[in-house]
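Numbering (my numbering), first residue to last: 1 to 465.
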């Protein structure tokens, strides 16, 4: 996939990297929607394409990718092997067919949790500026060694696919994420950078292999995908890892803002530093503009309390949704891209997410931030992961429910979790129910709250009560 990030644009094509965890029907929809003509398929995933091959409307050729270093169980599809395909080309340089830097370079499809996936169009300009901005922000250079724990199909790997090469750095590609492998590569190969969701950090921090981690060099890790708790940030930094917290969406090429560190914060206690670093921060150097606005598009007070929606403009905001002008117009209403995320603005100009607009809990007319409740529960020593959603309540309309994954070898009761919350939360914010489960997640580690909501709201016409 890394080679495709260079070969496809150079050949004048548009790259569509597909989430490997999607169902076959979703993959079929994406291929037909974007009009894909050439399809590269890893044989480990060939069964997904085989089941819908007869329904592919535009694909003219399939290229089989066979990884000789692992045991492959999948069957080859009718088509050419990747290595054979490469021999059919010419060694002569390709002349650039690009006439406008605002031409599309890739289409990244959203997860489609509320209908069919939408194709987010990235431009050459947005991609190269985002790639260089990422490299500058993380202090990358020709000695940087970047480990791929972030899927390349997710926002083109936040454009690090291009950024690492731009600075002359080194890529280390992992086929799958294993905490012990990550720890070994960090020490043996001198990994200097990697990216990942808080779920990746949680998995690392709670794996036995992390005890072997001994850093003799600076390791910078960018995390995003969901608001990280100060607890996990503190845990990783106590191991010597330098955490950079970034925030964005597929529609913003990945990160749009960064919690830019300020020198005066160095003298604060570790817990206070972690709390500051958990904020979503300020726009990237290339991102230009980000606001927190009310329903009338007016800026909310910078008081750290008043919630509004995060809206953005800048070089790394998508061109639009592919072949979906109505969705594009709605997303850019008022001339700004609407994130759907609720946040507060602090006096220092830093924002902090409080919830997704659809995740906020309205209980007896009062807003409850699921993130606030989650952060409290994360502090419990037995808790590995937690997700809080609204569930229907006959009296209050909605009340919080917590879904909790416990650390291995730990045991705790529902009542103990509730009692712990009672020590740190207002009464109306305390979860009225707790369930211990393995949280459902996307390929990039985001918790799929919509699946939790579906179960709790069965029988209700609307998921707001």
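Cβ coordinates follow ideal geometry from the N, Cα and C atoms, glycine included.
On the three-pair Cβ rule with 8 angstroms, is the stretch 117 to 129 touching the stretch 78 to 93?
no
According to DSSP, is residue 462 part of a helix, a strand, or is it coil?
The residue labelled residue 462 in the question sits at position 462 within the chain shown. Confidence in residue 462 is poor, its pLDDT being 49 and thus under 50, which makes the residue's placement too unreliable to answer from.
If I measure Cβ to Cβ from residue 8 and keep anything under 6 angstroms in the same chain, skipping five residues before and after, which residues do I get?
For the purposes of this step, residue 8 is taken as residue 8 along the chain shown, with counting starting at 1. These residues qualify, in order along the chain: 15.
Going by DSSP, name the residue or residues bridged to residue 390.
Within the chain shown, the letter at position 390 stands for residue 390. Residue 390 pairs with 400.
Can you grab the Cα-Cα spacing for the pair residue 281 / residue 108, in whole Å?
Taking the chain shown and counting its residues from 1, one reaches residue 281 at position 281. Taking the chain shown and counting its residues from 1, one reaches residue 108 at position 108. Cα to Cα, the separation comes out at about 25 angstroms.
Do you know whose CA, among 358, 364, 390, lies nearest residue 373's CA?
Counting from 1 along the chain shown, the entry for residue 373 is found at position 373. When each option's Cα is compared against that of residue 373, the closest is 390.
How would you label residue 195, buried or exposed, when you count the other beta carbons within 10 angstroms and need 16 or more for buried?
In the chain shown, the residue the question calls residue 195 occupies position 195. Answer is buried; the Cβ neighbour count reaches 16.
Return the chain-ordered ranges of every alpha helix (DSSP H) run that is complete within the stretch 72 to 136 and spans a minimum of 4 residues.
82 to 87
Considering Cα atoms alone, identify which of 339, 145, 156 is closest to residue 221.
Translated into the one-based positions of the chain shown, residue 221 becomes position 221. Closest by alpha carbon: 145.
Within the chosen definition, does the stretch 405 to 413 reach the stretch 370 to 386 through at least 3 CB pairs nearer than 8 angstroms?
Because the criterion of three Cβ pairs below 8 angstroms is met, the stretch 405 to 413 and the stretch 370 to 386 touch.
Please report the residue range of the alpha helix (DSSP H) in which residue 28 lies.
For this step, residue 28 is matched to residue 28 along the chain shown. Residue 28 -> alpha helix (DSSP H) spans 24 to 34.
Kindly indicate which residue of 178, 179, 147 has the alpha-carbon position closest to the one of residue 171.
Here residue 171 refers to the residue found at position 171 when the chain shown is read from its first residue. Looking at the Cα atoms, 147 is the closest of the given residues.
Hey, residue 198 and residue 240 are a contact pair by Cβ (cut 8 angstroms); roughly how many whole angstroms apart?
Your numbering for residue 198 matches position 198 in the chain shown. Your numbering for residue 240 matches position 240 in the chain shown. So it is not a contact: roughly 18 angstroms between Cβ atoms.
Under three-state DSSP, which class holds residue 447?
Looking up residue 447 in the chain shown gives position 447. Residue 447 falls in the strand class under three-state DSSP.
Give the single residue among 56, 356, 159 whose Cα lies nearest to the Cα of residue 6.
The residue you call residue 6 lines up with position 6 of the chain shown. Nearest of 56, 356, 159 to residue 6, Cα basis: 159.
Pull up the distance between the alpha-carbon of residue 100 and that of residue 318, whole angstroms please.
As a working mapping, residue 100 is identified with position 100 in the chain shown. As a working mapping, residue 318 is identified with position 318 in the chain shown. When only Cα atoms are considered, residue 100 and residue 318 end up about 16 angstroms apart.
Just to check my reading of the structure: residue 137 and residue 284 have Cβ atoms closer than 8 angstroms, yes? What is that Cβ distance to the nearest angstrom?
Mapped onto the chain shown, residue 137 falls at position 137. Mapped onto the chain shown, residue 284 falls at position 284. The pair is a contact, with the Cβ atoms about 6 angstroms apart (cut-off 8 angstroms).
What three-state label does DSSP hand residue 223 in the structure shown?
Here residue 223 refers to the residue found at position 223 of the chain shown. Assigned with DSSP and collapsed to three states, residue 223 falls in strand.
With H, G and I counted as helix, E and B as strand and the rest as coil, what does DSSP make of residue 383?
Counted from its first residue, the chain shown places residue 383 at position 383. Strand.
So residue 201 and residue 223 are supposed to be a Cβ contact under 8 angstroms. How far apart are they, rounded?
Translated into the one-based positions of the chain shown, residue 201 becomes position 201. Translated into the one-based positions of the chain shown, residue 223 becomes position 223. 6 angstroms between Cβ atoms; contact.
Checking 8 angstroms against the spacing of the C-beta atoms, do residue 163 and residue 134 come in under that value?
As a position in the chain shown, residue 163 is number 163, starting the count at 1. As a position in the chain shown, residue 134 is number 134, starting the count at 1. The answer is yes: Cβ separation under 8 angstroms.
Nearest-angstrom Cα distance between residue 312 and residue 190?
The residue given as residue 312 occupies position 312 in the chain shown. The residue given as residue 190 occupies position 190 in the chain shown. Cα-Cα distance, rounded: 36 angstroms.
Measuring CA to CA, which of 257, 275, 305 is closest to residue 232?
In the chain shown, the residue the question calls residue 232 occupies position 232. Measuring from the Cα of residue 232, the nearest candidate turns out to be 275.
Buried or exposed: residue 259, going by 16 or more other Cβ atoms within 10 Å of its Cβ?
What you label residue 259 is simply residue 259 of the chain shown in a count that begins at 1. Residue 259 comes out buried.
What does DSSP give as the partner residues of residue 289 in its beta bridges?
Looking up residue 289 in the chain shown gives position 289. In the DSSP output, where bridge partners are listed per residue, residue 289 has 313.
Work out the CA separation of residue 105 and residue 446 for me, nearest whole Å.
Sequence index remark: in the chain shown, residue 446 carries index 446 (1-based). Sequence index remark: in the chain shown, residue 105 carries index 105 (1-based). Straight-line spacing of the CA atoms in residue 446 and residue 105 works out to 25 angstroms.
Buried or exposed for residue 142, going by 16 or more other Cβ atoms inside 10 Å?
The residue you call residue 142 lines up with position 142 of the chain shown. Residue 142 comes out exposed.
Rounded to a whole number of angstroms, what is the C-alpha to C-alpha distance between residue 18 and residue 26?
By one-based count along the chain shown, residue 18 stands at place 18. By one-based count along the chain shown, residue 26 stands at place 26. About 10 angstroms.
Could you check whether residue 36 and residue 475 sit closer than 8 angstroms to each other, using their CB atoms as the reference points?
This structure leaves residue 475 out entirely; the chain is present only between 1 and 465.
Helix, strand or coil, according to DSSP, for residue 172 in the structure here?
For this step, residue 172 is matched to residue 172 along the chain shown. Three-state DSSP puts residue 172 in a strand.
Using beta-carbon positions only, say whether residue 38 and residue 63 come within less than 8 angstroms of one another.
Reading the chain shown from its first residue, position 38 is the one you call residue 38. Reading the chain shown from its first residue, position 63 is the one you call residue 63. For residue 38 and residue 63, yes; Cβs fall inside 8 angstroms.
What span of residues does the alpha helix (DSSP H) with residue 259 cover, start to end?
For the purposes of this step, residue 259 is taken as residue 259 along the chain shown, with counting starting at 1. Counting along the chain, residue 259 falls outside any alpha helix (DSSP H), and DSSP gives it neither H nor E.
If we call anything under 8 angstroms between Cβ atoms a contact, is residue 213 one with residue 243?
To locate residue 213, count along the chain shown from 1; it is residue 213. To locate residue 243, count along the chain shown from 1; it is residue 243. Residue 213 is not a Cβ neighbour of residue 243, given a cutoff of 8 angstroms.
Please list, in chain order, all residues of the same chain as residue 321 whose beta carbon is under 8 angstroms from its beta carbon, the five residues on each side excluded.
In the chain shown, counting from the first residue as 1, residue 321 sits at position 321. So the list reads 118, 119, 120, 121, 327, 328, 331, once near-sequence residues are dropped.
For residue 346, report the span of its beta strand (DSSP E) as first-last.
In the chain shown, residue 346 corresponds to position 346, counting from 1. Looking at the DSSP string, residue 346 is not in any beta strand (DSSP E), and its letter there is neither H nor E.
Would DSSP call residue 320 helix, strand or coil?
Taking the first residue of the chain shown as position 1, residue 320 is located at position 320. Residue state, collapsed to three classes: strand.
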